[in-house]
Each structure stands twice: as C-alpha cells, then as structure tokens.
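Chains as they are written, first to last, in my numbering: chain A, 47 to 207; chain B, 5 to 671.
Okay, structure first, notes after.
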C-alpha cells in the first residue's frame, strides 16, 4: 500500500518535475553490502546442471533457486563460510569453484609452486654450467661444407675476373 | 553430387598428403633431389583439394542440402546466409575440416614463401606438415565425416546453436584456428632441424616470422572470443577460465615464450635446445586443445568412454605426434652444441627467466584444467576448478613476469653491469612505486585490500611503461640529429617489442580498473523506473515485440542518462529462437574509451505491470583490454615488417648458400 502511494505521488509529481522524481528501481537486494557479498558468493558457486557456469551467470532454475538461498542466508546473518559449508554439505565439493585444500587436492594447490621451483632450479644449473665454460667455437666445418665453400669462393672469384 | 565431390576431394587430399609426408622426407635423408622437389607441388595439391572440399561443405550449407547430416543438424532454412556459411565450422566435423584446411593453407604458404631456403629444409618441413595433415584427414574421414548423408531427407534442419549465431562466430574460429595451426610451421621447422641435425641461427631466423604470424592470429582470435563472451553471455564477464578458453591460452603462453626464445637463438645463437622444445610444445598444446574441446572429455570423462572412437583416435594421434617428436628431441638434442656465452646479469638471463615463468604459467593452467578430469577418472571425487583458483595461482606468476619484462627490455645482451642497470632502472622504479600507491588513494579507495590490489595492477602497468620510455631514450642517446630522425632510425623489430609490451601495460590497466571499479545492479524494473550505476543512470521505457529472421524477441528500450540528461537509447533483447526454443539474451552496450554501460534483460516478472528483472553494469576501461590485445598484435606485425625479413626475401636463392643449387660433393 505504501509503495502504491509512493508510486502515485511520484507519477503525479513527474508531470512537472520529470527527472528528479522518477522512482528508483527496486533492487532485488536492498542492502548494497549484502548485495555485493551475494554476487561474490554466487560467482564462486557452480551451477550443477549447467555446462560450467557459476550460479551468478546462469538463468537455470537451480541457479535462480541457489541465488535466492544465498541471499536468504545472508539476510539470516550467516557468514560466507557457513553458506559455503551448507552448499558443500548438500552438493559436495563439485559446487565450489575454489577447490578445498585436502588430500586429493594437495598437488593441485602446490603444483604451481613445485613447477616454479623446478624451473628456477633448472635455470640455476643451466646458468652455472654455462658461466663455467669458455666461449665455444662453432662446430668445425665438415669436408662437404669445406668443398662447398671453396666452390662458392671460386665462383665469386671467377665472376670478378 | 556436390557432397560426394567434397568427400572425394578429401580422399585425394589424404593420398597426396601421404605422398607429401613420406617421399620428401626420405628424399632429404637419402639425398634424392627429385623426391625432395615433390614437397612443394604436393603441398599445393593438398591445399587445392582441401579448398574444394571446404567449398563443397560451405555450398551444401548455402543451398540447405539437408540430405547431408551435418547440414541438417546445424542449419535451417530460416538461418541468414552469413550464419549458414559460419555454420560450416560450427559443428565438430566442420571445425575439424577447417582445422585441416588451415593446415593446408599454412603448408601452401610455406611452399610459396620459402624459395630462399635450401631444398632439403623445405622438403623436411613440408614432409612433417604432410604427416600431420594426413593424420587429421584420417581422423576426419574415419570418425567425423562432414559429408555423411542422411536418409530419409528431412524437410527442415535443426538450427545452429543460437549462441553461435553471432558475428563473433564468423571471425573467432577462423582466427583462432589460424593461430593454433600456425604453430605447426614452427613445429615442422624444429623437427626438420632435428632430423637434419642442423640447429643454428639461420634456422631460428627462418622459423621466427612464421611463429610471429601464428602468434598474432592467436592473439586476435582469443581477443575476439573474449569480446564475444563479454557481450553475448549477458553478464559482463570477459574471461571465465573455462577449459575451452584455457585450451587456447595454453598455446598462447608457450607461443609467447617461443617468440622470445627464438629472438635469443637468432641473435645470440644460444638456447637452441630450449627453443626446439618450446616449438614442439606449442604445437602439441594446440593439438591437446583440440583434443580437449573435441573429444567431449571436458563435459564428462564418461562421455569420452561411452563413445571413445573420436577421443581415442585423437589421443593416439596426440601420443604419436608428441611422443615421436619428443623422442626425436631426446635422441638428437644432446648433440647440439651451444654458442654465445653470457654473464649472469644480462638480457639472455632475463629472457630465460621470462621463458621459465611463461612455461610455469602454462603448466599451472594445464594442471588446473586437467586435474578435475584425472580425479574423476581415478574415482577420487568430483571437484571444480574455476576462477578463484586460477586467479590465486596465475596472478603471482604474471607479476614476477612483468617485473622481468621491464628489466629485460633494458638489460644489454651478453653482460649488463649491475651498476649501469641500476642507474637506468632507478627512475622507473621510483615513479612506479609513487604512482602505484598514490593512484588508488586519489581514486578514493581506503580499504587496505582494495588499495593493495589496485597498487599491484597499476604498479605493473607503470613499471612496463616507464621502463619502455627508458628503453627508447637509452637507444636515442648516442645518435645525432632531430628527435623524429632518431626515432626513425630504430629498427621496426624494436618498435614491435615496444608496442607489444605497451599493449600488455594497457591490458593490465584495463583489468585493474575493471576489477577495482566495476559496478553491477541486479534489479526489477517497471516501465518508468530509473536505476543508477556509476555516473550514469538507466531509465526503463518499456518492452516491445520484434520479429527476427529465425526468432522473436522482446526488445527493451532504455534511456541512458548522465546528469539527468539523455545520452542515447539502448535496446537489449531477449530472444526466443524458433528451432531450439532456447532463450538468449542480447545485451545492449554503450561503449566508450573510458568505460562501457551495459544492460541486459533477465526474466519477465508476472506482476501485470510489465516488470522485468534487469542487470545493469558499469564497466570502466573495459575497452582497454581489447585495445591492449590489438597493440600486442600490432607489435607482432611491426616485428614482421622488419627490414631484415624483406631484404632476406628479395635475395635470390643461390646467394644464400643453398646446397642443392650447387653440385653435391661426394660424402
């Protein structure tokens, strides 16, 4: 009723003050901080029936439903971690785009660091080896190449004369 | 009739490709000139038949020949002509045909633009490419025939997936595939060098322009894909770390490393073994990407095992190509000596570090992409690896890379005394630190976390830009004459580096500002409502029905307002395609140099007042992302136009010590 009244007032006013009083659209979430949290959480949760979309992106029924649940739980005062736990309890780790650190995912999380260390180690040994050696001459010419060079030089000399 | 001609052309192409892949290689090994000379002609012949086959497929799509299964499942009489053409590569079969077609195109290009190369090298390069072509043609003919007939003939086809009915579909796949397949040339040059046992600076010089061209195409292809996702998917994201996207990023990362490594090999004669390995990896990752996207393994490991024919074929093919080339590498590489000694602090070291970091970045993306597949295949549970993971592990590696990028552009070859280097880097470092810290505060951020993230982003960008400025002034200092004259004296390859690096800085600024300042509102709007986001506001005017060629749409009208003044109208749509019954959102974007205003329609809300759920976004500096990519590509094009390639191309063959124009000495 209050909204209707406001609408009525706004419409009435809009005849003579069109821009200033146009009514602001109703956000689906009133609190901007909660809204931001909901969006961030939704981007981290996978829509289970879609092909690799987060529930923030998808318009599938399940995604819409899960988005609503996230909002409701935020309104109910739950922390992000509690909401995530609620989701993983229901749907398993698959629902999370950030895989949890546990036995089967140790390699996933430490892999990049291991790769980096291996790369740097390899580089260190390469640099040490190459700093130790002197300037290496190019491989000596084979007999075949020698003959070819001689031929070319001769050809050049012939063309000069 | 036409599809049969296409099919026949494919078979002829296969036979010719088998000739191309065997006789020239044997000829090069045994020293039989006639067999070597076959390579050019057969490569051109293969390409001719591939043009014919691809043309037949496109023709079948244009005339709506629904007796072809591929056409019936991916096209429709109502589909507009340009999308019917694009539908030729919209399906699995069509896209593989395009892959092979591109491979034929690259082989043909090599056969035409390699007149200055020794016949032996050309024979080996084209021979290797012929083998790859033959493998893919076998795959096409035996597991994914694009010309398979359908009986009884349906009167109407299923439509092309609505997601693909977009100008992006016309441009993105050809560009991307040109890049993917282009790395086959670098690969073929590397394998040819291993086969011939000659790895030297000339080899690097020959394969360098080819690699750069492929890299440019790949960059543009990825950029168009990202842009397409941005405006088509309707929620303003531009990179999703989806496995399909990662599949294109992997060869790009290694390709970037390869370009830098080739530069060192050409200029300083060192890193040869590493360069060869990168060339092999770049193409292997292109193949792996094709396997990942095309085998269905990404959707589910089990989809792969239920219809394993295609997946198995590519897997075996992949194993042969990668395994074969790596075995050859292991066998031959140790015999390659290195030249060109350098000190610990030098441009060589910086570039080596860059290569290591790019390879680690690539390994990381690969790990994140494949890990869930392995876990699932081993029955260890299902997990999802998405943006939070990739951002956490990828960004630190990139930050390290950017630091080196600044040093590498300034350090001298061979030896760069630390004192001198510090002298040059002092000023950029100071400017970078001050700007990176000050800018977020000036822009009104106070929370330490957002200040830190913005400072990191801005810092990286400023570091690149300031060091680039130093790299120019450093080069000009010793020259006489006016500024313009001095700038002109710099080789184009230097400007290539300059613009490509500058593009990276622009890209980083774009990412930083978008991530830091984007605003999003998810609202329900009744006609007349206004929603403000950023400095702008959107007024919802109303919804009307609109008929498209093969869909009907609800078209919304929004007035974009700034300071209560109307800027323009925006018309986002919600489309329902007849054949699929699938709703599609078409976002409306007001794009500008400093940011985009973006509105997309959600669902209609049945409240009798014509309300809709609407998403509006303000995306500051997002165009800088695409701009950065275009600058990187421009850098590649400039590097390609460098004088030494043009001079080289003009020189007649015999001046370049081409072995077989001379009598061959007895061994």
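Yeah, the Cβ is synthetic: ideal placement off N, Cα and C, and Gly gets one too.
No experiment lies behind these values; they were computed from the predicted model shown.
Contact list for the stretch 144 to 158 of chain A against chain B, Cβ threshold 7 Å: Going along the stretch 144 to 158 of chain A in chain order, one finds 144, 145, 150, 151, 154, 157 and 158 with a Cβ nearer than 7 Å to chain B.
Item to check | Short-range partners of chain A found in the stretch 352 to 365 of chain B, where Cβ spacing is below 8 Å | outcome: Within the stretch 352 to 365 of chain B, the residues whose Cβ lies closer than 8 Å to any Cβ of chain A are, in chain order, 353, 356, 357, 360, 361, 363 and 364.
| Are residue 368(B) and residue 397(B) closer than 9 Å when you measure CB to CB? | As a first step, residue 368(B) is located in the second chain; it is residue number 364 there, counting from the start. As a first step, residue 397(B) is located in the second chain; it is residue number 393 there, counting from the start. Result yes, Cβ atoms of residue 368(B) and residue 397(B) sit closer than 9 Å.
Next on the checklist: Just to make sure I have the definition right: I need the residues of chain B whose C-beta is within less than 8 Å of the C-beta of residue 102(A). Which are they?
Outcome noted: Start at 1 with the first residue of the first chain, and residue 102(A) comes out as number 56. Close to residue 102(A), with beta-carbon spacing below 8 Å, are these residues of chain B in chain order: 239.
Fill in: Residues that DSSP places opposite residue 560(B) in a beta bridge
Taking the second chain and counting its residues from 1, the one referred to as residue 560(B) is at position 556. Residue 560(B) pairs with 547(B).
Step through the CB atoms of chain A and report whether any lies within less than 9 Å of the CB of residue 524(B). The residue given as residue 524(B) occupies position 520 in the second chain. Judged by the 9 Å Cβ criterion, residue 524(B) is in contact with chain A.
According to DSSP, residue 169(A) sits in a beta bridge with which residue or residues?
Numbered from its first residue, the first chain carries residue 169(A) at position 123. Answer by DSSP bridge pairing: none, since residue 169(A) is not bridged.
_Start and end residues, beta strand (DSSP E) containing residue 485(B)_ = If you number the second chain from 1, residue 485(B) lands on position 481. Per DSSP, residue 485(B) belongs to no beta strand (DSSP E) and is neither H nor E.
Quick one: is residue 397(B) near chain A, going by C-beta distance under 9 Å?
Residue 397(B) sits at position 393 when you count from the first residue of the second chain. Interface criterion met: the Cβ of residue 397(B) is under 9 Å from a Cβ in chain A.
* Cutoff 9 Å: residue 521(B) Cβ touching any chain A Cβ -> Along the second chain, read from residue 1 onward, the residue named residue 521(B) stands at position 517. It does not: the Cβ of residue 521(B) has no partner Cβ on chain A nearer than 9 Å.
Q. Should the stretch 430 to 437 of chain B be regarded as contacting the stretch 522 to 539 of chain B, the criterion being three or more beta carbon pairs within less than 8 Å?
A. Touching, no.
**Request:** Run down chain A in chain order and give the residues with a C-beta less than 9 Å from the C-beta of residue 454(B).
**Result:** Working through the second chain from its first residue, we reach residue 454(B) at position 450. Chain A residues near residue 454(B): none, gap ~12 Å exceeds 9 Å.
| request: State yes or no: is the beta carbon of residue 635(B) nearer than 9 Å to at least one beta carbon in chain A? | output: Start at 1 with the first residue of the second chain, and residue 635(B) comes out as number 631. In terms of beta-carbon proximity, residue 635(B) stays away from the interface with chain A, with every pair separated by 9 Å or more.
Is the Cβ of residue 81(A) closer than 9 Å to any Cβ of chain B?
By 1-based counting over the first chain, the position of residue 81(A) is 35. Yes, residue 81(A) lies at the interface with chain B (some Cβ there is under 9 Å from its Cβ).
Quiz item: Under 9 Å, do residue 21(B) and residue 141(B) count as touching if we go by C-beta distance?
Solution: Along the second chain, read from residue 1 onward, the residue named residue 21(B) stands at position 17. Along the second chain, read from residue 1 onward, the residue named residue 141(B) stands at position 137. Between residue 21(B) and residue 141(B), the gap from beta carbon to beta carbon is short of 9 Å.
key: Whole runs of the alpha helix (DSSP H) within the stretch 382 to 420 of chain B, excluding any shorter than 4 residues   = List check, alpha helix (DSSP H) in window: 391 to 414.
Once the 5 residues before and after residue 332(B) are set aside, which same chain residues still bring their CB inside 6 Å of it? Your numbering for residue 332(B) matches position 328 in the second chain. Excluding residues within five positions, the ones whose Cβ falls inside 6 Å are 198.
TODO: Give me the Cα-Cα distance between residue 146(A) and residue 128(A), rounded to the nearest whole angstrom.
DONE: Numbered from 1 along the first chain, position 100 holds the residue referred to as residue 146(A). Numbered from 1 along the first chain, position 82 holds the residue referred to as residue 128(A). Distance between the alpha carbons of residue 146(A) and residue 128(A): 14 Å.
Item checked: Short CB-CB distance (under 9 Å) between residue 230(B) and chain A -> For the purposes of this step, residue 230(B) is identified with residue 226 of the second chain, where counting begins at 1. Taking 9 Å as the CB threshold, residue 230(B) stays off the interface with chain A.
Problem set entry | residue 192(A) burial status per 10 Å Cβ neighbour count (16 or more: buried) | Position 146 of the first chain holds residue 192(A). Under this definition residue 192(A) is an exposed residue.
Note to self: Counting only C-beta atoms, is residue 371(B) closer than 9 Å to chain A at any point?
What the structure shows: Numbered from 1 along the second chain, position 367 holds the residue referred to as residue 371(B). Flagged as an interface residue toward chain A: residue 371(B), by a C-beta distance shorter than 9 Å.
Open item on the list: Just to confirm, is the Cβ distance from residue 97(A) to residue 274(B) under 9 Å?
Closed with: Taking the first residue of the first chain as 1, we reach residue 97(A) at position 51. Taking the first residue of the second chain as 1, we reach residue 274(B) at position 270. Taking 9 Å as the Cβ cut-off, residue 97(A) and residue 274(B) do not qualify as a contacting pair.
Which runs of the alpha helix (DSSP H) fall wholly inside the stretch 121 to 195 of chain B and span at least 4 residues, in chain order? Correct list: 123 to 147.
*Taking Cβ positions only, does residue 448(B) come closer than 9 Å to chain A?*
The sequence position of residue 448(B) within the second chain is 444, counting from 1. For residue 448(B), the answer is no, since every Cβ of chain A falls outside 9 Å of its Cβ.
Counterpart residues of residue 588(B) in DSSP-defined beta bridges = The sequence position of residue 588(B) within the second chain is 584, counting from 1. DSSP output for residue 588(B) lists 579(B) as bridge partner(s).
For the beta strand (DSSP E) that contains residue 204(B), what are its first and last residues? Reading the second chain from its first residue, position 200 is the one you call residue 204(B). Boundaries for residue 204(B): no beta strand (DSSP E) harbours it, and the DSSP string shows neither H nor E there.
Item checked: Host beta strand (DSSP E) of residue 237(B) (start-end) -> As a working note, residue 237(B) is residue 233 in the second chain. Neither: residue 237(B) is in no beta strand (DSSP E) and is coded neither H nor E.
**OP:** Could you tell me which of 629(B), 42(B), 380(B) and 176(B) sits nearest to residue 102(B), measuring between CA atoms?
**Re:** Taking the second chain and counting its residues from 1, one reaches residue 102(B) at position 98. Of 629(B), 42(B), 380(B) and 176(B), the residue nearest in Cα terms is 176(B).
* Asked: Touch check for the stretch 600 to 616 of chain B and the stretch 457 to 471 of chain B: three-plus C-beta pairs under 8 Å?
  -> Short answer: they don't touch.
Practice item. Could you say if the stretch 207 to 222 of chain B and the stretch 292 to 300 of chain B meet the contact criterion of at least three C-beta pairs nearer than 8 Å? Key: Inter-segment contact for the stretch 207 to 222 of chain B and the stretch 292 to 300 of chain B is absent: fewer than three beta-carbon pairs are separated by less than 8 Å.
Can you list, in chain order, the residues of its chain whose CB lies under 6 Å from that of residue 99(B), leaving out five sequence neighbours each side? Taking the first residue of the second chain as 1, we reach residue 99(B) at position 95. Cβ within range, chain order: 93.
Residue 90(A) in three-state terms, based on DSSP: The residue labelled residue 90(A) in the question sits at position 44 within the first chain. In the displayed model, residue 90(A) falls within a helix according to three-state DSSP.
### Query
What are the partner residues of residue 531(B), as DSSP defines its beta bridges?
Numbered from its first residue, the second chain carries residue 531(B) at position 527. According to DSSP, which records beta bridges pairwise, residue 531(B) is partnered with nothing at all.
task = Less than 8 Å between the CB atoms is what I'm expecting for residue 579(B) and residue 555(B), so what's the real figure, rounded?
result = Taking the first residue of the second chain as position 1, residue 579(B) is located at position 575. Taking the first residue of the second chain as position 1, residue 555(B) is located at position 551. In this structure residue 579(B) is in contact with residue 555(B), their Cβ atoms being roughly 5 Å apart against a cut-off of 8 Å.
Worksheet item: Between which two residues does the alpha helix (DSSP H) harbouring residue 145(A) extend?
Response: Here residue 145(A) corresponds to residue number 99 of the first chain, with the count starting at 1. Here residue 145(A) belongs to no alpha helix (DSSP H), and DSSP marks it neither H nor E.
Touching by the beta-carbon criterion (3+ pairs, under 8 Å), the stretch 377 to 388 of chain B and the stretch 350 to 365 of chain B = Look at the beta carbons and you see the stretch 377 to 388 of chain B not touching the stretch 350 to 365 of chain B: under three pairs across the two are nearer than 8 Å.
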